[in-house]
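Below is one structure, written out as structure tokens; comments come after it.
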Amino acid sequence: MELSYRDLGQGIYCIETYYQRTNLASCYLVVENSEAALIDTGTANTAPLIMDLLAEKGLAPEQVKYVIPTHVHLDHAGGTGQLMLLLPEATLVCHPFGIRHMIDPAKLQASATAVYGEEQFRKDFGELMPVDEERAVKAVDGFPIDLGGRELVCIDTPGHARHHLCVWDAKSQGFFTGDTFGIAYPELITDKGPFMMLPSTPVQFDPDAWHETLDRMMSFEPKRMYLTHFCAVDNPEQLVSALHRQIDDYVDIAINTTAENRYESLKRQLQEYYTGQLEAHGVDLDNIPFDAILDMDLGLCAQGLDVWMQRREQAT
Numbered sequence: 081m082e083l084s085y086r087d088l089g090q091g092i093y094c095i096e097t098y099y100q101r102t103n104l105a106s107c108y109l110v111v112e113n114s115e116a117a118l119i120d121t122g123t124a125n126t127a128p129l130i131m132d133l134l135a136e137k138g139l140a141p142e143q144v145k146y147v148i149p150t151h152v153h154l155d156h157a158g159g160t161g162q163l164m165l166l167l168p169e170a171t172l173v174c175h176p177f178g179i180r181h182m183i184d185p186a187k188l189q190a191s192a193t194a195v196y197g198e199e200q201f202r203k204d205f206g207e208l209m210p211v212d213e214e215r216a217v218k219a220v221d222g223f224p225i226d227l228g229g230r231e232l233v234c235i236d237t238p239g240h241a242r243h244h245l246c247v248w249d250a251k252s253q254g255f256f257t258g259d260t261f262g263i264a265y266p267e268l269i270t271d272k273g274p275f276m277m278l279p280s281t282p283v284q285f286d287p288d289a290w291h292e293t294l295d296r297m298m299s300f301e302p303k304r305m306y307l308t309h310f311c312a313v314d315n316p317e318q319l320v321s322a323l324h325r326q327i328d329d330y331v332d333i334a335i336n337t338t339a340e341n342r343y344e345s346l347k348r349q350l351q352e353y354y355t356g357q358l359e360a361h362g363v364d365l366d367n368i369p370f371d372a373i374l375d376m377d378l379g380l381c382a383q384g385l386d387v388w389m390q391r392r393e394q395a396t
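Residues in the sequence shown are numbered from 81 upward in steps of one, following the numbering used here.
Put into structure tokens, the structure is as follows:
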């Protein structure tokens, strides 16, 4: 893999992680006064690319002070342990509900291997390495980070996952959003702007919490959102309504789907739903490889809604 990144200005670099394909997942390097932080890590396979970028920018490994996964899903945090071995002065900053999985990733690895199989897991994620507990801190809501005089603040942002945080960057007036502000793939941009998609990945989809999280984030009046999937979007005040609408639409689809063959039915309905949404956005579906771009996400969204419905049914 060859290093590929975008300089977004104000000391922020968006790094291609090559997870599954190009333009699917990124992570971020933030630099201020000779100190650096990584926000999300990609997989363990991404670590050499990050080290290459540090070298290109004249940064020694010791200058990276923080590694901050937004949550512990492996496309966001799979490289954390590997990077902590390579960055001797870095502190891991992680959500209190996710940090134990970074200190001991055995359960994460076992569950992912059960889903993907050993060979595919190694190909997609590499090897998960544990993080020394003494180098890890829990980022409670409002946890402040001083990066060379630059103020970063970790905000508790449930909805996609209970162990999700977002990072507010006062300098750029932007949030590093992980999955909380949705997905916006470059291939789906039209003259109407980015196409936003809500990732209801299993197993902690919480629609009410997600609405509240989006409202809270917008109260900061952000000018930019740094998405993991994929890169930055501007004018978030024009995009957030689509995410609120999709939360409600997902709930309507899920609660009106019968339990029999629910996953298959949900995925089919989401395919139909997003076909209509993409056409309305002006995406030329005849020239876009719909399945290659969205099939994996639609499957994960359907799984997440299925799990959410199972929880609802068990609670009644």
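Note that beta-carbon positions come from the ideal geometry of N, C-alpha and C, so glycine has one too. A quick note: this is a predicted structure, and the numbers were derived from the prediction, not measured.
Query	Result
Alpha carbon of D221 to alpha carbon of I235, nearest angstrom	5 Å
Cβ contact (3+ pairs, closer than 8 Å) linking the stretch 264-280 and the stretch 207-227	no
Under the three-state DSSP convention, the category R325 falls into	helix
Inter-residue CB distance, G91 and E112 (contact presumed, cutoff 8 Å)	5 Å
Short Cβ contact (8 Å threshold) for A281 with H244	Reading the sequence as shown, one finds Thr at residue 281 and not Ala. No, the Cβ-Cβ distance between T281 and H244 is not below 8 Å.
Three-state class that DSSP yields for Y343 in the structure shown	helix
Which of helix, strand or coil DSSP assigns to S106	strand
Test item: CB-CB of G386 and L346 under 8 Å	At residue 386 the sequence reads Asp, which differs from the Gly that was named. Yes.
Range of the contiguous alpha helix (DSSP H) that encloses T160	T160 to L166
Burial state of S252, where buried means 16 or more other Cβ atoms lie within 10 Å	buried
Close-in-space but distant-in-sequence residues of the same chain around L380 (CB under 6 Å, 5 per side omitted)	T281
Check whether Y354 and L378 have beta carbons under 8 Å apart	yes
Cα-Cα separation between C246 and L139, rounded to whole angstroms	25 Å
Beta-carbon gap between T124 and H309 smaller than 8 Å	Looking at the sequence itself, residue 124 is Ala, so the reference to Thr does not match. No; because the gap between Cβ atoms is not below 8 Å, this pair is not in contact.
Own chain, CB closer than 6 Å to G206, minus 5 neighbours either side, in chain order	T123, A124 and N125
Own chain residues within Cβ distance below 6 Å of V283, not counting five before or after	V387
Chain-order list of residues whose beta-carbon lies under 7 Å from that of E213 (same chain, five-residue window excluded)	I183
Per-residue DSSP class, three states only, for V173	strand
Which of helix, strand or coil DSSP assigns to P287	helix
Assigned exposure category for R230 - 16 Cβ within 10 Å defines buried	buried
Neighbour-count burial assignment, R304, 16 or more Cβ in a 10 Å radius	buried
Beta-carbon gap between L129 and L268 smaller than 8 Å	no
R242 versus A127 - alpha carbon distance	26 Å
Close beta carbons around M376, own chain, < 8 Å, minus the five adjacent residues each side	Q100
Endpoints, the alpha helix (DSSP H) within which G379 is located	F370 to A395
Same chain only: Cβ atoms within 8 Å of L188, ignoring 5 sequence neighbours per side	V152, L154, H181 and L208
C-alpha distance - G254 paired with Q326, whole-angstrom precision	22 Å
Rounded straight-line distance, which links the Cα of V173 to that of P287	26 Å
Nearest-angstrom Cα separation, counted from M164 out to D204	20 Å
R101 - containing alpha helix (DSSP H), residue span	Segment: none, R101 is in no alpha helix (DSSP H) and carries neither H nor E.
Beta-ladder partner(s) of R304, from DSSP	G254 and D314
Proximity to L83 [Cα-Cα], best of F177, P149 and A135	A135
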